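Here the structure is laid out as structure tokens; the discussion comes afterwards.
There are 2 protein chains.
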Amino acid sequence: MYAIKSRIWIEGEDGVFLGEGRIKILKAIIKEGSLSKAAKFLGMSYKKAWNLIDSINKNASEPIVITNTGGSGGGGAIITPYGKEMILKFEEINKNCWNFLDQQLKEHQL
Amino acid sequence: MYAIKSRIWIEGEDGVFLGEGRIKILKAIIKEGSLSKAAKFLGMSYKKAWNLIDSINKNASEPIVITNTGGSGGGGAIITPYGKEMILKFEEINKNCWNFLDQQLKEHQL
DNA sequence: TTTCGTTATATCTTTCAGGAAATAACGAAA
DNA sequence: TTTCGTTATTTCCTGAAAGATATAACGAAA
């Protein structure tokens, strides 16, 4: 009858660190190898993608995205091992949260 | 180091039924006795409050808010017993979700 | 030293959600 | 029948967020 939905996010010292949208752009960067290609892949403006990455790096305890400007290919961006670990943990927690809430919905008979 | 935050909401057939903002206005209506007073109490525009209530009633399986227009006092709004029950259940689930996520945060060592 | 595609940044425009305000409709009580 | 404060609804306006555009800076490789 009813469905329960959720959004989770992780905050650092000064604002949002990780959320669903940020996970999406991080994974696109892994796949595409650069910020601009990842933005295009997601149909997102470069500026928006850049703002997200900037915010991620500012709120993380350790570097997440390393950007390189210049070079023959123009540069690019890579996700650090720590970043990849955080992606996995976020997705795990998010999945667990969904399951937990579905269970709650049943228990409360909604 | 990191904090985890969440937003949950319940959807009906055709959109959002209950969320934190809706719970807030419902409780304000119980306290104040009318939609307009509740909106003023929350520093919210009357239109926004009315839109929320309208959406709540449209997506609920049973009536939540009964509004009365006219009368010496001009009318008012009341929350049905079913509505009050839903408020309690939502807040209970929301609290459980917070606890669950805090636990997840520890387990995943973030 | 030139080339290249990228990151980084600023500026301008557009869009749209939300607030403000005005008004009609309502109906019980005096 | 008049009064009252509310609900219900419309229109207008504003401000903030998002997109579009332009361009400087970068630096490894040829």
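Chains as they are written, first to last, in my numbering: chain B, 26 to 135; chain F, 26 to 135. Every residue gets a Cβ at the ideal spot worked out from N, C-alpha and C, and that includes glycine. It should be emphasised that the depicted structure is a prediction, and the values quoted were computed from it without experimental measurement.
{"Asked": "N- and C-terminal bounds of the beta strand (DSSP E) containing Glu-36(F)", "Found": "28-37"}
{"Asked": "Residue burial classification, Asn-124(F) (beta-carbon count within 10 angstroms, cutoff 16)", "Found": "exposed"}
{"Asked": "The segment 48-65 of chain F contacting the segment 48-65 of chain B, beta-carbon criterion three pairs below 8 angstroms", "Found": "no"}
{"Asked": "Extent of the continuous beta strand (DSSP E) run through Ile-103(B)", "Found": "100-104"}
{"Asked": "Contact set between Gly-99(B) and chain F, taken where Cβ atoms lie within less than 7 angstroms", "Found": "Chain F residues near Gly-99(B): none, gap ~33 angstroms exceeds 7 angstroms."}
{"Asked": "Distance, Gly-96(B) Cα to Ser-31(B) Cα", "Found": "42 angstroms"}
{"Asked": "Sheet register partners of Asn-119(B) (DSSP bridge)", "Found": "Looking at the DSSP assignment, Asn-119(B) forms no beta bridge with any residue, so it has no partner."}
{"Asked": "Residues in the segment 71-101 of chain F having any Cβ partner in chain B nearer than 7 angstroms", "Found": "Ser-86"}
{"Asked": "Secondary structure of Gly-108(F), DSSP reduced to three states", "Found": "helix"}
{"Asked": "Neighbouring residues, chain F, relative to Lys-30(B) (Cβ below 8 angstroms)", "Found": "Ile-33, Trp-34, Ile-35, Glu-36"}
{"Asked": "Contact belief for Ile-91(F) with Ala-102(F) at Cβ below 8 angstroms, rounded distance in angstroms", "Found": "7 angstroms"}
{"Asked": "Cβ neighbours of Glu-27(F) in the same chain (closer than 8 angstroms, five flanking residues each side left out)", "Found": "One detail in the question is off: residue 27(F) reads as Tyr in this sequence, not Glu. Result list for Tyr-27(F): Leu-130, Leu-135, in chain order."}
{"Asked": "Below-8 angstroms beta-carbon distance, Lys-42(F) vs any chain B residue", "Found": "Strictly speaking, residue 42(F) in this sequence is Phe, with Lys absent from that position. So yes, Phe-42(F) belongs to the interface."}
{"Asked": "Chain B residues whose Cβ lies nearer than 9 angstroms to that of Glu-117(F)", "Found": "Gln-129, His-133"}
{"Asked": "Three-state secondary structure (DSSP) of Ile-89(F)", "Found": "coil"}
{"Asked": "Bridge partner(s) assigned by DSSP for Gly-40(F)", "Found": "Gly-37(F)"}
{"Asked": "Through-space distance from Lys-62(B) to Glu-116(F), alpha-carbon basis", "Found": "43 angstroms"}
{"Asked": "Amino acids of chain B, ordered along the chain, whose beta-carbon sits closer than 8 angstroms to that of Phe-51(F)", "Found": "Sequence check: residue 51(F) is Leu here, not Phe. What Leu-51(F) touches in chain B: nothing, since even the nearest Cβ is about 16 angstroms away."}
{"Asked": "Gly-44(F) burial status per 10 Å Cβ neighbour count (16 or more: buried)", "Found": "buried"}
{"Asked": "Where Ser-70(F) falls, given that 16 or more other Cβ within 10 Å makes a residue buried", "Found": "exposed"}
{"Asked": "Gly-40(B) vs Ser-86(B) beta-carbon contact at 8 angstroms", "Found": "no"}
{"Asked": "Span of the alpha helix (DSSP H) around Gly-46(F)", "Found": "45-57"}
{"Asked": "C-beta neighbour in chain B for Leu-137(F), strict 8 angstroms", "Found": "It is not possible to answer for residue 137(F), since the shown part of chain F is limited to 26 through 135."}
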